[in-house]
Every structure is written in structure tokens, then in C-alpha cells.
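**Q** Read top to bottom, the protein sequences are chains S and H.
Residues 3 to 666 in the numbering used here are what the first sequence lists, from first letter to last.
Residues 6 to 232 in the numbering used here are what the second sequence lists, from first letter to last.
Note that the Cβ used here is the ideal one computed from N, Cα and C, for glycine as well.
Here the structure is a predicted model, which means the values were calculated and not measured.
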Amino acid sequence: MKKLIPLLVVLTVVLAACGGSTPTPAATGGGGLPAEAAAVAAERGLTQDDIYAALKTYTPSGQLDPYIMFSSGGQGGQVLVIGVPSMRILKLIAVFTPESWQGYGYGGSGDETLAGGFMPNGDEIKWGDTHHPNLSETGGEYDGEFLFINDKANARLAVIDLRDFETKQLIKNPNAISDHGGAFVTPNTEYVIEGPQYATPIGWEYATLDEYQAKYRGLITFWKFDRAKGRVDESKSFQIELPPYWQDLCDAGKGPSEGWFFCNSINSEMATGGIESGGEPFEAGTTKNDTDYLHIFNWKKAEEVANSGGAEEINGIKVIRLETAIAEGILYFSPEPKSPHGSDVTPGGEFIVVGGKLDPHVTVYSFQKIQDAIAAGGLDTDTYGVPVIPLDKAMEAQVEIGLGPLHTVFDDKGYAYTSVFLDSVVARWTLGGPYDDKNPEEGWTLVQKLPVQYNIGHIAAAEGDTASPDGNYVVALNKWSIDRFANVGPLLPQNFQLVDITKTGDQMKVIYDMPIGMAEPHYAQIIKADKLKPFEIYPEIGWNPETMSVDPNAVTDPANARVERNGSNVEIWSTVVRSHFTPEHVEIEEGDRVVWHFTSLERTRDATHGFALGGYNINLSLEPGETQTIEFDANKSGTFVFYCTEFCSALHLEMLGYFLVEPK
Amino acid sequence: MQSFLDPDVKVLLPDGSTRRLTDYLLPSALLMLSALLLMISMFLPYWSMRMDAPQYPKGLKVDVYINRLDGDVDEIDALNHYLGMPKLDEGGRFERSISFISIIAFGFLLMAGVFVHNQLAGLLALPALGFPVVFIADLWWILYQYGHSIDPKSALGGAIEPFTPPVLGPGVVGQFGTVASFEPGFYLSLLAVLVMLIALWFHRAAYKPIVDARKKLAASAAQPPRA
Numbered sequence: 003m004k005k006l007i008p009l010l011v012v013l014t015v016v017l018a019a020c021g022g023s024t025p026t027p028a029a030t031g032g033g034g035l036p037a038e039a040a041a042v043a044a045e046r047g048l049t050q051d052d053i054y055a056a057l058k059t060y061t062p063s064g065q066l067d068p069y070i071m072f073s074s075g076g077q078g079g080q081v082l083v084i085g086v087p088s089m090r091i092l093k094l095i096a097v098f099t100p101e102s103w104q105g106y107g108y109g110g111s112g113d114e115t116l117a118g119g120f121m122p123n124g125d126e127i128k129w130g131d132t133h134h135p136n137l138s139e140t141g142g143e144y145d146g147e148f149l150f151i152n153d154k155a156n157a158r159l160a161v162i163d164l165r166d167f168e169t170k171q172l173i174k175n176p177n178a179i180s181d182h183g184g185a186f187v188t189p190n191t192e193y194v195i196e197g198p199q200y201a202t203p204i205g206w207e208y209a210t211l212d213e214y215q216a217k218y219r220g221l222i223t224f225w226k227f228d229r230a231k232g233r234v235d236e237s238k239s240f241q242i243e244l245p246p247y248w249q250d251l252c253d254a255g256k257g258p259s260e261g262w263f264f265c266n267s268i269n270s271e272m273a274t275g276g277i278e279s280g281g282e283p284f285e286a287g288t289t290k291n292d293t294d295y296l297h298i299f300n301w302k303k304a305e306e307v308a309n310s311g312g313a314e315e316i317n318g319i320k321v322i323r324l325e326t327a328i329a330e331g332i333l334y335f336s337p338e339p340k341s342p343h344g345s346d347v348t349p350g351g352e353f354i355v356v357g358g359k360l361d362p363h364v365t366v367y368s369f370q371k372i373q374d375a376i377a378a379g380g381l382d383t384d385t386y387g388v389p390v391i392p393l394d395k396a397m398e399a400q401v402e403i404g405l406g407p408l409h410t411v412f413d414d415k416g417y418a419y420t421s422v423f424l425d426s427v428v429a430r431w432t433l434g435g436p437y438d439d440k441n442p443e444e445g446w447t448l449v450q451k452l453p454v455q456y457n458i459g460h461i462a463a464a465e466g467d468t469a470s471p472d473g474n475y476v477v478a479l480n481k482w483s484i485d486r487f488a489n490v491g492p493l494l495p496q497n498f499q500l501v502d503i504t505k506t507g508d509q510m511k512v513i514y515d516m517p518i519g520m521a522e523p524h525y526a527q528i529i530k531a532d533k534l535k536p537f538e539i540y541p542e543i544g545w546n547p548e549t550m551s552v553d554p555n556a557v558t559d560p561a562n563a564r565v566e567r568n569g570s571n572v573e574i575w576s577t578v579v580r581s582h583f584t585p586e587h588v589e590i591e592e593g594d595r596v597v598w599h600f601t602s603l604e605r606t607r608d609a610t611h612g613f614a615l616g617g618y619n620i621n622l623s624l625e626p627g628e629t630q631t632i633e634f635d636a637n638k639s640g641t642f643v644f645y646c647t648e649f650c651s652a653l654h655l656e657m658l659g660y661f662l663v664e665p666k
Numbered sequence: 006m007q008s009f010l011d012p013d014v015k016v017l018l019p020d021g022s023t024r025r026l027t028d029y030l031l032p033s034a035l036l037m038l039s040a041l042l043l044m045i046s047m048f049l050p051y052w053s054m055r056m057d058a059p060q061y062p063k064g065l066k067v068d069v070y071i072n073r074l075d076g077d078v079d080e081i082d083a084l085n086h087y088l089g090m091p092k093l094d095e096g097g098r099f100e101r102s103i104s105f106i107s108i109i110a111f112g113f114l115l116m117a118g119v120f121v122h123n124q125l126a127g128l129l130a131l132p133a134l135g136f137p138v139v140f141i142a143d144l145w146w147i148l149y150q151y152g153h154s155i156d157p158k159s160a161l162g163g164a165i166e167p168f169t170p171p172v173l174g175p176g177v178v179g180q181f182g183t184v185a186s187f188e189p190g191f192y193l194s195l196l197a198v199l200v201m202l203i204a205l206w207f208h209r210a211a212y213k214p215i216v217d218a219r220k221k222l223a224a225s226a227a228q229p230p231r232a
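#1: In whole angstroms, what separates the C-alpha of Leu655 of chain S from that of Gly163 of chain H?
#2: For Glu338 of chain S, which residues does DSSP report across the bridge?
#3: What is the residue span of the beta strand (DSSP E) that Leu424 of chain S lies within?
#4: List, in order along the chain, the chain H residues whose C-beta lies closer than 7 angstroms to that of Asn605 of chain S?
#5: According to DSSP, is Gly358 of chain S helix, strand or coil?
#6: If you follow the beta strand (DSSP E) that Lys2 of chain S is in, where does it begin and where does it stop?
#7: Residues of chain C with CB closer than 8 angstroms to the CB of Ala164 of chain H, please, in chain order.
#8: Look at His343 of chain S and Asp250 of chain S and say whether their C-beta atoms are less than 8 angstroms apart.
#9: Check this for me: beta carbons of His599 of chain S and Asn555 of chain S, under 8 angstroms apart or not?
#10: Which whole-angstrom value describes the C-beta separation of Tyr596 of chain S and Glu648 of chain S, a residue pair presumed to lie in contact below a C-beta threshold of 8 angstroms?
#11: So is Phe120 of chain H buried or exposed if we call it buried at 16+ other beta carbons inside 10 Å?
#12: Any C-beta of chain H sitting closer than 8 angstroms to the C-beta of Leu653 of chain S?
#13: Name, in chain order, the residues that DSSP records as bridge partners for Asn680 of chain S.
#14: Considering only residues of the segment 564-624 of chain S, which uninterrupted beta strand (DSSP E) runs meet the minimum length of 3 residues and lie entirely inside it, listed in chain order?
#15: Residue range of the beta strand (DSSP E) that Arg158 of chain S falls in?
#16: Between the beta-carbon of Leu534 of chain S and the beta-carbon of Ile242 of chain S, is there less than 8 angstroms?
#17: Of all Cβ atoms in chain S, is any one closer than 8 angstroms to the Cβ of Ala83 of chain H?
#18: Cβ of Val557 of chain S less than 8 angstroms from any chain H Cβ?
#19: Rounded to a whole number of angstroms, what is the C-alpha to C-alpha distance between Ile173 of chain S and Lys158 of chain H?
#20: Taking C-alpha atoms, which residue in H:Met54, H:Pro62, H:Met44, H:Pro167 lies nearest to Thr669 of chain S?
#21: Take Lys302 of chain S and list the residues in its own chain whose beta-carbon comes closer than 6 angstroms to its own, dropping the five residues that flank it on each side.
#22: Using only alpha-carbon positions, find the residue among S:Ile322, S:Ile316, S:Val428, S:His524 that is nearest to Phe299 of chain S.
#23: Rounded to whole angstroms, what's the CA-CA distance from Phe9 of chain H to Thr27 of chain H? Just pull it up for me.
#24: So for Tyr367 of chain S, helix, strand or coil by DSSP?
#25: Give the residues of chain S in contact with Ala160 of chain H, contact being defined as C-beta atoms less than 7 angstroms apart.
#26: Do Phe98 of chain S and Gly130 of chain S have their beta-carbon atoms positioned less than 8 angstroms apart in this structure?
#27: Could you tell me the alpha carbon to alpha carbon distance between Arg55 of chain H and Leu88 of chain H, rounded to whole angstroms?
#28: By Cβ distance, which residues of its chain are closer than 6 angstroms to Phe187 of chain H, with the 5 residues on each side in sequence left out?
#29: Hey, is Val401 of chain S's beta-carbon within less than 8 angstroms of any beta-carbon in chain H?
#30: Helix or strand or just coil, what does DSSP make of His460 of chain S?
#31: For the segment 560-581 of chain S, which residues have a beta carbon sitting closer than 9 angstroms to at least one beta carbon of chain H?
#32: Quick one: what's got a C-beta closer than 8 angstroms to Phe537 of chain S's C-beta in the same chain, skipping five residues either side?
#33: The beta strand (DSSP E) with Met56 of chain H in it runs from where to where?
#34: Please go through the segment 61-102 of chain H and give each complete alpha helix (DSSP H) segment of 4 or more residues, from N-terminal end onward.
#35: Who does Asp382 of chain S pair with in a DSSP beta bridge?
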């Protein structure tokens, strides 16, 4: 194989030089292709384009991907970690849904994290509809420290620490029951923003739909992020009350627009549905108007108002009322055509791009024009009194790109890439203004529509929503795969397609299809792999991943492993190392309260152990150096077995112990 | 040397003959250098064992300094426990505890040779001279003890014959290929010995003529001068 590599590299260059050729079978047209490779190509019926794609993506054993993609895990409630360009799944991070491999929600520390996201009355929620992962930023660039993601179904936010790729915090929005435009971060991760979706009264209190305009509200939440603690600080967070327009997707301004925040919305009609009683269904009612409202927030001003007593505390969080937001100049609108989707700020922060699901254009707003219009004053207002900047006063350009434009990402060559749902294409078009000189084409023109299979939703580009996108790759997150993969029954995988965008002009190519057969993801972000600096093993024996420090109940020497009884409370300190638990016999009485601490003494990469206690619904993942605690009532007498669930060594099967619960 | 030392500064021998000052400075300097090399060697590894197996792409290595162990000691201990071998740290504890002070003492003894102008200087150098040999012998003894202290209660303890891991060169333990090597610290201690031997040769070359001259004087004093 090694001998092939130089040949393959040469071939790549040859193919790149004659790029754009119509697909011909490699075996007949493949000048310079080694005989063995040509024979394989002929046997498999591969075209020149196929060979190019293979060479662009094939990643030999031991070679690492230069980019890492964090993808929403959709209704699976998790996050997927994928290598780019190999498109190999590297990991699934358990977030909103219990996950037994990681021992998340089966007795260990994940239980507490999950409980943070339960309903205010303590009711369990054991899944999430993850939508938009957002990496923490410093100066508008991904810094590789944290990842945030929202749960649309229950209006929750998760904080994932990228030192160990584990979820550290779930937080339930106390005043919203659904969200969509989250998570998004400000350029220095001062705030993680959770935008609303379907309007309800604040705190989802009961109100009939007749009271929609009077009582139902949108609500955007600015969660204050404490980077040192790695947690959202609810006490320093605030919300802004909004009209019930179903605010949707958002993005933070940067550079000249830093301090501002932009969201599209989809129901300025304030449709309330009711198809069953002759009302217009939502799908029709919400698409009546030619325009909805782009929401323009001055979040720096909002922060000032929230911190100087301008907010009302509702269910434990500060809420800036709509009239305050209007009076303080926090909120402005501008019309956006039609059934808009996406709200994406250009790398330099000059423009905001909005797609129209039912309009063939992307509409580009100028931040400068918005500011000029605000300064000029004399703006009309909407029903709720929010000043509206006329579209022609805010718009920089419109580019016709096709049917169903949704989301836009950017590269380093002045191109924008918009997912176009109905046409099922990735549209490459040029930015104008300061981006005009970066590519051969004129500004604000459509360059290429690349068909993707099928029904593209979100789109992700390498560092594509930072202040300095990398180019190289775009991933089309297609909702349907139809005939792309072997039939696995009526529930089909999604199709992530990797697109090569290295060449200018109309030279984009699909180079890989990756089935996602565990959920329907929404957004994804792609970070340069070398920005991530995760632990190889936990830094010290006894590390508690929750506190990111040594746990007081850590036991570093098996000689100190022990069982202590205090009345009916039994506390156990266990050590775990290849290939034994200490102690191996734990004898208690029915009805005892058990508090059991485990410390992995391992210092070797990948020497992970599990702890499963059959019959008690317990499974932990104990990574090298980790300490975890479980607590349960021994409510079943009998002879139970605990064993290691992660294949650790030649004597892994022999790594077990007996848990004897004597009947009362 | 010429530019610093005036060639007219000379050493006067009892018989009235003179010798160059450098003849006496050289062995002193070399003895000091030998002591210095020995002391520097304390901060470098003397010996190492490298272990390679399929599931350790970077291999495992333990570096042995005269006073401590470094490297993948925990992992090697974790693996050795299956064989019932003692922890690496348990071997040579006494030697490691006295190593620093001993080497410093050996160094001072070498330097004392600068002020001892007879055969006794060679005696003072003996501990340093013997040190590398003692190190190897002790290492072999520690390795022998590791391989002959198998805990029969361990997973594989009942199944393996006592053995002595090699002091130098390749060996095999389970799926591990091992390579034992001497490291820079040890070679520095050998260099110290070499420098010391050269120093002693020059030491003898410098001071023997004084003794000879004294003998010659004594002999001529015993014989009446010829008329």
C-alpha cells in the first residue's frame, strides 16, 4: 500500500490538471493509472470522477482527519463526531438521551447531568431533539474548548466540555417549552443564545388559542457562559420577550456588527391553525404574507438593560419586556421574503444572508444600512410597536439561486454556499463588496448549482461560520437518501455528502456519501482538528469529570479499597484496574442504602473499564483515572454479579465480583 | 595555557631540577573533570528497558536513573502483576536511596587526589573506578530478584519458570519483545573512569620524580661525597 501512495498522489495532480472532463471509465481513459489500480477501477466500473473522489477521501489506517465535524444527532438527542474528509464516525456524545456505552444515565454521574434538564417539577425527560451545535469562539474563531447544543422539543441547552467530550450541563429554559434557534454563541462566547420557536405564553402557562395575540409570546434567551467554570450561569442570563412570530434561526454579528444578533421568523401572520374545525392549517396560514420579519437585536444594549434593573424576574430568570426592548432600542425588524429560513452573518460581519423557503432568492442585508436607517429614525412599527426598517433601506443585494434556499455558509474565496431544498442543490454564489476580488466572478452572482441526493437541509463548511472560513470542504446534510444505500427497511438513513470546494468556478464535486442511520441531524460545524486538545487520559488518578478535579472519594491504592457500614448505609470505595475490582465480594443486606465509589487506577490510553451490576440497571464507563459514584437502594435480595463491560484485557471475562444481598 | 601561565613559573624538585607547572595542573584538572562527569551522570538515565507489543504502538519504556525510575512504570507494573512480578519500584530501593550521596562522596574522593601526592590517590579513586562494575552487578541482582520473586497467587504466577531479564540486549516476555540498553548516564560514568585513569597516569608522572629526587638526595647524603 505504501508504494501506491506516491503513485496515487501523482494521479491526483494529473486528475486535478484535467478536471472537468466528462466521466469516462478510468480503465479506458486513465492515462498514468497504475495497472493494478486501473484493473480495480475497471472491475468496479469507476469513472475518473470516482477515482478523484476516492483519492480525496480515502484515509489510510493511522492517518488522522484534518477536520472534525460536530453534528446534531437529531431526535436521537446526541451529538455525532465525524472525521472529515474520511467521513468516519469517531464518537457519539451522549447529551439529552441516556447512553449505556458511556454509562450516561445508568447510575453514574450522567444521571445528575440529565436531571439538570428535567422539568421544573422534576419530571424526567429522557430524549432531546438536538438541532444546532455551536462551538465556543474567541474573537469570532472556534477555540475548540466547548460545544453547545439545543433540544428543540423541550427548550433546553447542553454544555459539552471538549477536554473529555462529555456533557457537563443540561439546563431547562424556565419560560419556554420549544426552541429552534439555538445554540448560537457571541464572538467571544459571552453568551450562548437559545432562540425560540413555537410561541406559547411565558412559562407555557395555559391560555387558549383565542388569546394568541394577547398572551402568546416569543422569547429569546441569552445564557451567560462562565468559561472558567465551564457552565452556564442562569443568574447572569436574561431573556427578551418577543411578538409571537415564531423566531427561527439566528447568528451573532462580528467585526463591525459585533454586539448585534439576527434571527429570522416565520409566522408574522400569527396563524393559529385549526384544520380540524375548518381553520387554515398552519402550513397555509403561516405562508400568507409575502414577508416575515428579520429580528435585529442590540444584545450589548440588552445586557446593559438587564444588568441595570430593566428586566423583570420570571421563574428565576431576568426577562426584558417587549415594551422595554422597544423603548431601549434593543429590537428592530426588517421584512424578509418569503417563509424565510436561516440568518447567516458573512465572515467579516458586514452582511446578513437570509434564504426564502418560498422565494428563489437569498436576501443580503447590510449591517451599515441597517445602522443608517436606525440612526435616521422615523420608522413605522409593527402591531406590537417594534420599529420596522423597510427592506429597500436595509438590503444590499438579492441573488436568485433556486427554489427553497435555506442556510448559508462561507469559504475563504468570497463564495457563499446555500442549501437549496426544493432544487436539492448546493448553490455556490459570490459575495460582493469587500469579497469581490477574491474570485474570478462578479459579486452577487450565482456560480454553480451542484445536485445533491436528496433534499438538502443544513449545510456545513470547514470553519464556515467563523471570521476566517477555511474553504476545502462543504458537507450537504441531506434529509432523504432514497436509493443511495442498501435497503434497510422503511426508515432510511440520512445522507451526508462531502463536497470538494477547493477549485473556483463551477468545479464543486460530491466526493463522499455517508449514511447517518441513527437519527436525523440538523446543523453541524466543522473545526480544524488541531484546535481540539482533549485529554488522552484523565490528568490524575481520581479525576471527577463533573468537577474537573480530583474527587475526595478517590482511592489511589487498592489497599485502601473498603466497605464501611453505618446503620443501614453502606459506603464502598472500589478500585478498578486490569483485570480486577477491589473488593470482589460485597455483602450487604436487603434495604441498605448503597453509596459506591469507583476509581480507575489506569494510566494507559484506551484502558477503559465498565462496571455493570445486572438486575439493578447500572452500567458505568470508567475511563483511565476516572472516579465516579453511584447511589441506590438494595431493594432486591439475592446473588448478583458485577463485571467489567469494556473489553480491557486477556482476562477481561474474569474481571467480576459478587454482590450478595442478604434477605431481611 | 602558554598565554596564561608564564613558562618561567616552575616547580622546583628537591634535587634542584625543575619541571613545568602544567605537569602538576594537568592531573589535578583531569581528576576534577572525572569527578564532574560522574556527578553529571546522576542526572541522566543509566539503563533502560524498551518493550514492544502490537497494542502499544509507541512501545513502553522504563528509564533507570541511579536514584529513580522514569517512563511507563505504572503500565509495566500493571502488566507485570499478571505474572506476579513485584512492582519495579520495589527493586534496588536501598541502592537508590544512597546513590546520590555516594556519587557525591566518590567525586569528593577523586578531587581529594589533587591534594594527595602519592600512591594513596589511586586508592581514593577506587570507589569511582569500581562504580560502573558495581552498577551492572547490582542491576543483574535486582533483575534476578524480579524474575525469581513470582507471586504464585497471580494470574500466570503458577505457569512461568523463574527467569532473569537480560541486562543488555533483546528478550521476550509474553507478546512483548524487550530490549535492554545502557544509557548516556552509564556511558558518562565509563568516561569518568577513563579520564580518571589518564589523570592517575599523569599524577604518577608528576609526583614520582619528586619521590625519586628525594630518594636520590637521601642516597647521596648517606654516601660521603667523594673527595
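**A** Taking the structure as given:
#1: Our two residues, Leu655 of chain S and Gly163 of chain H, have alpha carbons roughly 20 angstroms apart in a direct line.
#2: Paired residue(s): S:Asp294.
#3: Per DSSP, Leu424 of chain S lies in no beta strand (DSSP E) segment and is marked neither H nor E.
#4: It should be pointed out that residue 605 of chain S corresponds to Arg in this sequence rather than to Asn. Going along chain H in sequence order, the residues near Arg605 of chain S (Cβ under 7 angstroms) are Asp79, Glu80.
#5: Of the three classes helix, strand and coil, the one that applies to Gly358 of chain S here is strand, per DSSP.
#6: Absent from the model: residue 2 of chain S. The displayed extent of chain S is 3 to 666, so no value can be given.
#7: Note that chain C does not occur in the displayed structure, where the protein chains are S and H.
#8: A contact, by the Cβ cut-off of 8 angstroms.
#9: At the C-beta level, His599 of chain S and Asn555 of chain S come within 8 angstroms of one another.
#10: Residue 596 of chain S is actually Val in this sequence, not Tyr. A Cβ-Cβ distance of about 22 angstroms is found for the pair Val596 of chain S and Glu648 of chain S, leaving them out of contact under the 8 angstroms criterion.
#11: Exposed, because fewer than 16 other Cβ atoms sit within 10 Å of the Cβ of Phe120 of chain H.
#12: Chain H, which has a Cβ nearer than 8 angstroms to the Cβ of Leu653 of chain S, makes this yes.
#13: Residue 680 of chain S falls outside the range modelled here, since chain S spans only 3 to 666, and no answer is possible.
#14: Listed in chain order, the complete beta strand (DSSP E) runs (minimum 3 residues) inside the segment 564-624 of chain S are 564-568, 571-579, 582-584, 587-591, 595-602, 611-615, 620-624.
#15: Start and end: 158-163.
#16: No, Cβ-Cβ distance for Leu534 of chain S and Ile242 of chain S is not below 8 angstroms.
#17: Answer yes: the Cβ-Cβ gap between Ala83 of chain H and chain S drops below 8 angstroms somewhere.
#18: Judged by the 8 angstroms Cβ criterion, Val557 of chain S is not in contact with chain H.
#19: Distance between the alpha carbons of Ile173 of chain S and Lys158 of chain H: 51 angstroms.
#20: The first residue shown for chain S is 3 and the last is 666, placing residue 669 of chain S beyond what the model contains.
#21: Closer than 6 angstroms at Cβ, skipping near neighbours: Gly261.
#22: Selected option, being the one with the closest Cα: S:Ile322.
#23: Roughly 11 angstroms between the two C-alpha positions.
#24: Secondary structure of Tyr367 of chain S (DSSP, three-state): strand.
#25: Leu653, listed in chain order.
#26: Contact flag set, yes.
#27: Near 18 angstroms, if we compare the C-alpha coordinates of Leu88 of chain H and Arg55 of chain H.
#28: Only residues of its own chain outside the window of five on either side were considered, and among them Trp52 have a CB closer than 6 angstroms to the CB of Phe187 of chain H, listed in chain order.
#29: No, its Cβ sits nowhere closer than 8 angstroms to a Cβ of chain H.
#30: Reduced to three states, the DSSP call for His460 of chain S is strand.
#31: Listed by position along the chain: Val579, Arg580, Ser581.
#32: Its chain contains Arg165, Asp166 as the residues whose beta carbon lies nearer than 8 angstroms to that of Phe537 of chain S, once the 5 sequence neighbours on both sides are disregarded; these appear in chain order.
#33: 52-58 is the span of the beta strand (DSSP E), which, as asked, contains Met56 of chain H.
#34: Scanning the segment 61-102 of chain H for uninterrupted alpha helix (DSSP H) segments of 4 residues or longer gives 78-88, listed from N- to C-terminal end.
#35: According to DSSP, Asp382 of chain S bridges with S:Val390.
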